[in-house]
Amino acid sequence: MNNVVLDFYTKCRKVNVASKLFETMTDSRNIVSWTTMIAGYMQNSCDTDAMVLFAEMTRSGWAADDSLSMGGGRTIDGFVLFPVTDNGM
1 MNNVVLDFYT KCRKVNVASK LFETMTDSRN IVSWTTMIAG YMQNSCDTDA
51 MVLFAEMTRS GWAADDSLSM GGGRTIDGFV LFPVTDNGM
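For the sequence shown, full-length UniProt numbering begins at 1 and goes up steadily by one.
Rendered as structure tokens:
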């Protein structure tokens with residue numbers, strides 16, 4: 001149920017409220033929770049927050065899936081992985 005509420009708040013441009021709810025979900029977070037919050041940040045042009053949360057998600061042991069692609073070349077994994085390529089580009 002919390003995931004639906006997260007999605008609702010981000011679609012209503014209430015990202016701060018969604019973020020506070022997400023922070024209270026420490027025991028009930030799943031991949032849907034993580035990707036909903038990250039996508040919500042991206043939809044509201046909070047790209048830095050999305051990247052920070054993506055890094056936290058991967059450090060917590062969760063793996064990204066295709067749901068983090070926003071279309072038009074905006075993918076959170078592309079932003080995060082690009083700087084760590086072998087050739088530095």
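We put the CB at the ideal spot given by N, CA and C, even for glycine.
The model shown is predicted, which means the values in this text are computed figures rather than measured ones.
Residue interval of the alpha helix (DSSP H) (run including residue i)
i   : result
D47 : 47 to 59
F20 : The sequence shown places Lys at residue 20, not Phe. Where K20 is concerned, the enclosing alpha helix (DSSP H) stretches over 15 to 24.
M42 : 31 to 43
D27 : Unbroken run through D27: none, as it is neither H nor E.
Identity of the residue in the options nearest residue i by Cα
i   : options            : result
V32 : L6, R59, S60       : L6
N16 : D49, N30, T26, R59 : D49
R13 : Q43, E56, D47      : Q43
Burial state of residue i (16 or more Cβ within 10 Å)
i   : result
A63 : exposed
V4  : exposed
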